[in-house]
Each structure stands twice: as C-alpha cells, then as structure tokens.
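> Submitted below is the structure of interest, expressed as structure tokens.
Residue numbers (the working numbering): 4 to 236.
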C-alpha cells in the first residue's frame with residue numbers, strides 16, 4: 004500500500020499524554036508505569052511541574068512542554084500561569100515562552116494546550132516557533148483548530164513538526180478510549196505511524212487502564228510503541 008508498511012516492518016505509535024504538572028494527579032503513576040515509551044506533555048509553572056517532569060524522565064519517558072495558548076472559547080483558569088495570548092507583543096511572547104520552556108526540565112519539544120486562537124495566528128506562532136528553534140525543540144501540533152498554521156510555519160523555519168492523529172479520551176469512558184486505540188492502530192498500520200493524545204487528571208485512570216489492556220492487543224497487531232521524536236515524518 005502506498006505510504007503504508009513495508010513487509011516485516013512494524014507500525015510506530017507515539018502515545019502523548021497531556022496535562023502533567025497539574026494539581027489533579029489522577030492516572031499519573033499508572034501512565035508512568037505502563038511499560039511502554041510515553042511522551043509526557045508537562046504544563047509549566049504548576050505545583051507538580053518539576054516533580055512530574057523529573058519522575059517521567061527518571062522512568063525513561065520523553066518530556067515535552069505542554070504550552071498554554073489562547074483558545075477561541077474557554078476560561079483563563081484552564082490555561083494556568085505563563086499562557087500566551089494574541090494580544091501580547093512579540094517580545095512578550097518570546098520572553099514568556101522562554102520562561103515556560105525553561106520551567107520544564109528534560110523537555111525536548113512542545114505541544115499546544117488549547118490554543119485554537121493562538122495556533123491560527125501567524126504573528127504569535129512565528130514568535131513561539133522562533134524560540135523553539137533557539138532551543139532546538141520539535142513541535143507537536145495538537146490540532147485544536149482546522150485553521151492551524153503550525154505545520155507551514157514550522158516548515159518555513161526548519162523545525163521538525165508532527166501532528167496529532169487521534170484524541171483518545173474526549174469521552175472519558177473505557178469503551179471510547181479502547182475504540183480510539185483501535186482507530187489509532189488502523190491508522191498506524193495504514194500509513195506506517197500515528198500519534199495519539201490522551202490526558203492525566205480528570206479521567207486519567209480510565210485512559211491509563213484502557214491503555215494497559217490494549218497494549219498487548221496492539222502489539223499483536225504489529226504496533227511498536229515509540230517516543231514522539233521517533234515517529235517517521
């Protein structure tokens with residue numbers, strides 16, 4: 004199949020888990036103990052930012068910054084401290100992003116937390132991606148809007164950019180998460196690799212349990228779990 008797998012090659016799947024660092028730690032220990040490579044997206048400047056980033060790295064997982072960006076709709080309280088808005092100047096954006104990136108130890112990249120307004124704004128995203136280039140970070144576009152300009156700007160700036168294929172737990176039930184994992188597996192087998200985003204915090208234990216049950220099933224299907232940075236572009 005064009006763009007699919009060569010015979011004998013496994014399909015690669017990256018599991019990215021958002022919202023590390025926050026007060027609600029539901030599912031954190033379970034996710035870190037799954038026994039597969041996980042990419043942990045850690046929010047900056049929160050009470051558990053440092054400890055959970057350190058724990059994730061210590062347990063062999065990859066760490067990225069879960070950068071809070073302005074949404075079209077939503078409460079500011081959902082963003083946490085150090086969030087980026089479309090009203091900030093370029094200098095303000097760059098200064099805040101540098102602080103946010105430096106607040107998360109072991110980080111090698113970033114993805115967007117919310118951000119349906121900011122990720123569609125070329126001025127804002129150019130400033131953010133310029134700092135990412137300084138840090139030699141890659142970016143994962145969580146695709147919270149169909150109007151995202153992250154991939155085109157990242158290409159222009161020479162930054163490695165990946166995109167989310169599947170959200171695992173928009174509906175926080177075991178049945179839904181497992182259904183999404185089956186969908187993820189099919190997508191990976193079709194095109195060679197795929198990226199999923201799930202969450203700790205509210206519903207985190209549900210996501211962790213569904214993953215635990217599905218890992219052997221997916222491996223039997225020919226799936227190899229990898230870090231986000233190991234996904235073939």
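Ideal Cβ placement from N, Cα and C applies to all residues, glycine included.
#1: When the Cα of residue 228 is compared with those of 111, 196, 203, 147, which residue comes out closest?
#2: One question on the structure: do residue 1 and residue 47 come within less than 8 Å of each other, judged by their Cβ atoms?
#3: What's the gap between the Cα of residue 234 and the Cα of residue 191?
#4: Evaluate residue 161 with the Cβ neighbour count: other Cβ atoms within 10 Å of its Cβ, from every protein chain shown; 16 or more gives buried, anything less gives exposed.
#5: Distance check for residue 186 and residue 40, CA to CA, integer angstroms please.
#6: Counting C-beta neighbours from all protein chains within 10 Å, is the total for residue 145 16 or more, i.e. buried, or is it exposed?
#7: Let me confirm a value: residue 139 is counted as buried when at least 16 other C-beta atoms fall within 10 Å, else exposed. Which label applies?
#8: Name the one or two DSSP bridge partners that residue 42 has.
#9: Measuring only the C-alpha atoms, how far is residue 98 from residue 92?
#10: Assuming residue 199 and residue 19 form a contact by the criterion Cβ under 8 Å, report the distance between their Cβ atoms to the nearest whole angstrom.
#11: Quick one, are the C-beta atoms of residue 202 and residue 172 less than 8 Å apart?
#12: Whole angstroms are fine: how far does the CA of residue 50 sit from the CA of residue 1?
#13: Am I right that residue 148 and residue 122 are in contact with their C-beta atoms under 8 Å? What's the rounded C-beta distance?
#14: Let me make sure I understand the geometry here. Which of 158, 209, 189, 193 has the alpha-carbon closest to that of residue 179?
#15: So, using beta-carbon positions, are residue 42 and residue 231 closer together than 8 Å?
With the structure as the only source:
#1: 196
#2: This structure leaves residue 1 out entirely; the chain is present only between 4 and 236.
#3: 10 Å
#4: exposed
#5: 20 Å
#6: buried
#7: exposed
#8: 19, 65
#9: 10 Å
#10: 7 Å
#11: yes
#12: Only positions 4 to 236 of the chain appear in the structure, and residue 1 is not among them; the question remains open.
#13: 6 Å
#14: 209
#15: yes
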